[in-house]
Amino acid sequence: MFNLLRMDLYRLLRSKSVYICLASLMAASVLCFWMVWLMGTPEGQETAARIGMTAIVDEGGSSQTGESGEEGVMDQSMLEEYDTLLMFREIGMDGGAYALLFGIVIALFFCSDYSSGFMKNIMSLHRRRWTYIASKLMAAAILDLCYLSIEFGFCLLLNVLFHNLVPAAPAADILFYLGLSFVVTMGFAALFLLFCTFTRNAAAGTLAVSLLSSGILVILVNYITGLFGLNQWVSYTLYYNQRYAPNAYSGFGDLKGYAVGAVFLALYAALSAVVLTRKDI
Amino acid sequence: MEKDIKKQAVLAVETISLSKVYKGKAAVSHMDMKVQEGAIYGFIGRNGAGKSTTLKMLCGLAKPTEGEIRLFGKSAGDPVTARRIGCLIESAGLYPHMTARQNAVMKAKCMGLADPNAVERALEATGMNNTGNKKVKLFSMGMRQRLGIALALLGNPDLLVLDEPINGLDPEGVREIRQLIQRLNEGGKTFIISSHILGELSKLSTHYGIIKEGNLVEQLTREELEQKCADYFQIEVGDVKRALPLITENMPEVQAEVCDNTNIRLYGLKEGSGVNHLLIENGVQVYSSGFHHMDLEDYFLARMDGSRK
Chain X
136 MFNLLRMDLY
146 RLLRSKSVYI
156 CLASLMAASV
166 LCFWMVWLMG
176 TPEGQETAAR
186 IGMTAIVDEG
196 GSSQTGESGE
206 EGVMDQSMLE
216 EYDTLLMFRE
226 IGMDGGAYAL
236 LFGIVIALFF
246 CSDYSSGFMK
256 NIMSLHRRRW
266 TYIASKLMAA
276 AILDLCYLSI
286 EFGFCLLLNV
296 LFHNLVPAAP
306 AADILFYLGL
316 SFVVTMGFAA
326 LFLLFCTFTR
336 NAAAGTLAVS
346 LLSSGILVIL
356 VNYITGLFGL
366 NQWVSYTLYY
376 NQRYAPNAYS
386 GFGDLKGYAV
396 GAVFLALYAA
406 LSAVVLTRKD
416 I
Chain R
202 MEKDIKKQAV
212 LAVETISLSK
222 VYKGKAAVSH
232 MDMKVQEGAI
242 YGFIGRNGAG
252 KSTTLKMLCG
262 LAKPTEGEIR
272 LFGKSAGDPV
282 TARRIGCLIE
292 SAGLYPHMTA
302 RQNAVMKAKC
312 MGLADPNAVE
322 RALEATGMNN
332 TGNKKVKLFS
342 MGMRQRLGIA
352 LALLGNPDLL
362 VLDEPINGLD
372 PEGVREIRQL
382 IQRLNEGGKT
392 FIISSHILGE
402 LSKLSTHYGI
412 IKEGNLVEQL
422 TREELEQKCA
432 DYFQIEVGDV
442 KRALPLITEN
452 MPEVQAEVCD
462 NTNIRLYGLK
472 EGSGVNHLLI
482 ENGVQVYSSG
492 FHHMDLEDYF
502 LARMDGSRK
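For the record, the sequence lines run as chains X and R. The working numbering numbers the first residue of the first sequence as 136 and each following residue consecutively. The working numbering numbers the first residue of the second sequence as 202 and each following residue consecutively.
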């Protein structure tokens, strides 16, 4: 299994998609920090006015900064509610951008074994197919850890570059939230692995990633079941636990996200192993 | 001598009633294949006869519906035994955005090879060591096949399963691969090769297996094939229906085979004048006659037609 993991890491390091998706996340972070600075600080608002953006004060007194006055709503006092963790969440986690980009990388990574035919080389050597699933999930876990740490580290760096735009979050909260995000995104990774093992097609895998990680599917099904008052299940989905994860640990109930992520991770990994064992290469 | 006898007795591959059923249709049916260690086993059959399915099962890529596979006397599921096989099934499985060396390194890592020179040796053996930074997606079909063989050679396996290994190779490439296979075979490696290029296969194979509609209809050695392909006497007559019983009744030691409305082939005949006399004396017109020789292709086609048993 560790031979397979070594092979996977060798390939991950040489995959362009890994760097492209990470760069996209970082670019989104830069854009978000810049926009918040532009709208939420006096220097930023001066700059915005200088570059031709207009500031409109509405009846309620809140300022709107934007080319047309229709976009970019932010009260300066709102910044006080923000910290580095909340900024990190707003940029990539809550809207599903992180899960989407991470999902695309791993879906392409999983499916290319099939599309290239290299799977034949692997499976002729590793007859115990669950080792393949385990190594793929371990590679995804390493990538997930790297992505989360780099992205969060980059947010901290941006905060420093923007003259400490928002206060730093407590370290314990950061660890709690990053740990929860890691477990939930690994649940997503196992789901994408199941899809790729089943369809063996990069296009189908990427489509599944788009529908699942962005929450489109959950929102749609939630809406339909909600019509009949049957939508309690939604709090047990990966998307919900990613979107509405608590910022800090305040009680036993806050560990629900960990449990949901871990259960789905184990379930999807087991199903992937069953599918792979039953299907010929 | 004793060593040779012992070696001959070991079977590199043995399948016992091996079957594979896809959606109710048997792709391979109760196959009992036996490949001796050190042999080059030519596996012949029409498209869709079940060759690739059989080879996939040997390499662990397809699960048999029924039956057993034994490799070097052990179960095929044994992880140590699995490492003694190198496979090239259908097209070579390669990452297109990687170079030849990177693909080989990937396979070496997958195998956990400790020898740092193993990749270089395998690439050198197939002439793929000078491709530099060229990506596999820019390779010709022949180059991909060579790289596929290089990957199969990694880890110095004892058994190489090659499905259509010379597909897409130029004549020079075909000769190089033939020489490579012969050289490796001399070093003791066993080969199972499936190919439609029967002329090339007959230059290499020491043993043959013929598969038809999922059934292994015949397994024979090169010597046995040569015997079966030995000279036959073909006679063109006016009336086959009269000629055939005359021959079979008067010459019971001869095996007769009707080719078409006018031609009969006779196997096991030393000289032809006796047959000619027999037919003419009994009023059967003889238009032409003479001795001929079959090659592997003729034999295979005859076997597929079902005219030879």
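C-beta atoms are modelled at their ideal positions from N, C-alpha and C, and glycine is treated no differently. The structure presented is a predicted model; accordingly, all values stated were derived computationally and were not measured.
Do we get a CB-CB distance below 7 Å when we pair residue i with the residues of chain R?
i: residue 243 of chain X; result: no
i: residue 271 of chain X; result: no
i: residue 145 of chain X; result: yes
i: residue 333 of chain X; result: no
i: residue 256 of chain X; result: yes
i: residue 406 of chain X; result: no
i: residue 416 of chain X; result: yes
i: residue 136 of chain X; result: no
i: residue 259 of chain X; result: yes
i: residue 251 of chain X; result: yes
i: residue 264 of chain X; result: no
i: residue 378 of chain X; result: no
i: residue 141 of chain X; result: yes
So that I know if they touch, is there some Cβ in chain X lying closer than 7 Å to that of residue i?
i: residue 290 of chain R; result: yes
i: residue 311 of chain R; result: yes
i: residue 296 of chain R; result: yes
i: residue 308 of chain R; result: yes
i: residue 513 of chain R; result: Since the first and last residues shown for chain R are 202 and 510, residue 513 of chain R lies out of range.
i: residue 510 of chain R; result: Bear in mind that a pLDDT of 48 at residue 510 of chain R, under 50, signals an unreliable position, so the model cannot answer this.
i: residue 260 of chain R; result: yes
i: residue 283 of chain R; result: yes
Report the rounded CA-to-CA distance for residue i versus residue j, giving the unit in angstroms.
i: residue 318 of chain X; j: residue 350 of chain X; result: 17 Å
i: residue 383 of chain R; j: residue 405 of chain R; result: 7 Å
i: residue 254 of chain X; j: residue 285 of chain R; result: 18 Å
i: residue 404 of chain X; j: residue 408 of chain R; result: 44 Å
i: residue 263 of chain R; j: residue 148 of chain X; result: 31 Å
i: residue 357 of chain R; j: residue 456 of chain R; result: 46 Å
i: residue 270 of chain X; j: residue 137 of chain X; result: 7 Å
i: residue 388 of chain R; j: residue 351 of chain R; result: 17 Å
i: residue 296 of chain X; j: residue 326 of chain X; result: 37 Å
i: residue 416 of chain X; j: residue 367 of chain X; result: 40 Å
i: residue 312 of chain R; j: residue 227 of chain R; result: 33 Å
i: residue 364 of chain R; j: residue 250 of chain R; result: 13 Å
i: residue 296 of chain R; j: residue 258 of chain X; result: 15 Å
i: residue 276 of chain X; j: residue 283 of chain X; result: 10 Å
i: residue 143 of chain X; j: residue 279 of chain X; result: 14 Å
i: residue 245 of chain R; j: residue 503 of chain R; result: 13 Å
i: residue 247 of chain R; j: residue 237 of chain R; result: 24 Å
Measuring alpha carbon to alpha carbon, tell me which residue in the options is nearest residue i.
i: residue 277 of chain R; options: R:291, R:293, R:259; result: R:259
i: residue 374 of chain R; options: R:357, R:401, R:394; result: R:401
i: residue 342 of chain R; options: R:425, R:321, R:370; result: R:370
i: residue 287 of chain X; options: X:240, X:222, X:239; result: X:222
i: residue 482 of chain R; options: R:443, R:275, R:271, R:422; result: R:443
i: residue 340 of chain R; options: R:309, R:293, R:353; result: R:293
i: residue 312 of chain X; options: X:232, X:409, X:389, X:140; result: X:389
i: residue 331 of chain X; options: X:359, X:299, X:292, X:238; result: X:238
i: residue 469 of chain R; options: R:429, R:273, R:484; result: R:429
i: residue 473 of chain R; options: R:448, R:380, R:463; result: R:448
i: residue 215 of chain X; options: X:304, X:323, X:248, X:290; result: X:304
If you drop the 5 nearest sequence neighbours on each side, which residues of the same chain put their C-beta closer than 6 Å to that of residue i?
i: residue 235 of chain R; result: 212, 215
i: residue 176 of chain X; result: none
i: residue 329 of chain X; result: 403, 406, 407
Who are the Cβ neighbours of residue i in its own chain at under 8 Å, not counting the five residues just before and after it?
i: residue 89 of chain X; result: Examination of residue 89 of chain X is not possible in this model, given that chain X is present from 136 through 416 alone.
i: residue 386 of chain X; result: none
i: residue 250 of chain X; result: 335, 336, 337
i: residue 300 of chain R; result: 332, 333, 334, 335, 336, 337
i: residue 274 of chain X; result: 140, 143, 144, 147, 244
i: residue 196 of chain X; result: Low per-residue confidence applies at residue 196 of chain X: pLDDT is 47, beneath 50, and the placement is therefore not dependable, though the value from the model is reported in the following sentence. Result list for residue 196 of chain X: empty, nothing under 8 Å.
Please list, in chain order, all residues of the same chain as residue i whose beta carbon is under 7 Å from its beta carbon, the five residues on each side excluded.
i: residue 369 of chain X; result: 353, 357, 375
i: residue 315 of chain X; result: 380, 392, 393
i: residue 230 of chain R; result: 220, 415, 416
i: residue 229 of chain X; result: 378
i: residue 270 of chain R; result: 216, 219, 258, 259, 277
Say whether chain B places a C-beta atom closer than 7 Å to the C-beta of residue i.
i: residue 263 of chain R; result: Reference to chain B is not applicable here, since the protein chains of this structure are X and R.
Report back the beta-carbon spacing between residue i and residue j to the nearest angstrom; my notes put them in contact at under 8 Å.
i: residue 290 of chain R; j: residue 253 of chain R; result: 7 Å
i: residue 505 of chain R; j: residue 413 of chain R; result: 6 Å
i: residue 304 of chain R; j: residue 348 of chain R; result: 6 Å
i: residue 367 of chain R; j: residue 396 of chain R; result: 6 Å
Quick one: does the C-beta of residue i sit closer than 6 Å to a heavy atom of the ligand COA?
i: residue 310 of chain X; result: This structure lacks the ligand COA; in fact it carries no ligand of any kind.
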